[in-house]
Amino acid sequence: MSSSSSSSSHYLDAIPHCDCIPPLPAKERTSWKPSNPGRRFLNCPMSLISDDHCDFFDWIDPPVTEHYRITQNQLRAWLMVSHSDCNADLPELRRTCMWP
Ligand SMILES: [Zn+2]
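The opening position of the sequence shown corresponds to residue 795 in the working numbering, with each subsequent residue numbered one higher.
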């Protein structure tokens with residue numbers, strides 16, 4: 795998936811919008827993939843609730859450093875194992891998504 799640019803056409807009234815017709819306010823999400831743990835991005839608000847959505851995608855945060863990526867992945871793996879009996883307390887850690 796290619797990264798969309800932050801062109802001014804995506805910003806209506808200073809709010810980022812996706813490429814749907816009509817454009818919808820973009821949804822802020824957090825990546826939990828090992829390549830970008832905790833990195834926030836914007837995409838189409840319909841992407842998790844419908845197959846009919848656009849491909850708008852834009853990173854909010856800069857790329858994670860190698861040290862941060864390794865540390866986050868190790869910490870997350872440790873927490874998932876050590877707290878496997880109380881998953882209800884860790885909803886954020888159990889979140890996964892389809893994006894980088
Ligand atoms: Zn859209």
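Glycine residues also receive a C-beta, built at the ideal position from the N, C-alpha and C atoms.
Supposed close pair residue i, residue j - CB separation, criterion 8 Å
i           : j           : result
residue 837 : residue 821 : 6 Å
beta-carbon residue i near ligand 1 non-hydrogen atom, thresh 7 Å
i           : result
residue 813 : yes
residue 818 : yes
residue 874 : no
residue 877 : no
residue 861 : no
Which residues DSSP lists as bridging residue i, in chain order
i           : result
residue 834 : 824
residue 810 : 805
residue 819 : 811
residue 851 : 837
Short Cβ contact (8 Å threshold) for residue i with residue j
i           : j           : result
residue 818 : residue 839 : yes
residue 825 : residue 831 : yes
Next on the checklist: Across the region 847–854 and the region 868–878, are there enough close Cβ pairs to call them in contact, namely three or more that are closer than 8 Å?
Outcome noted: Contact between the region 847–854 and the region 868–878 is absent, because fewer than three Cβ pairs lie under 8 Å.
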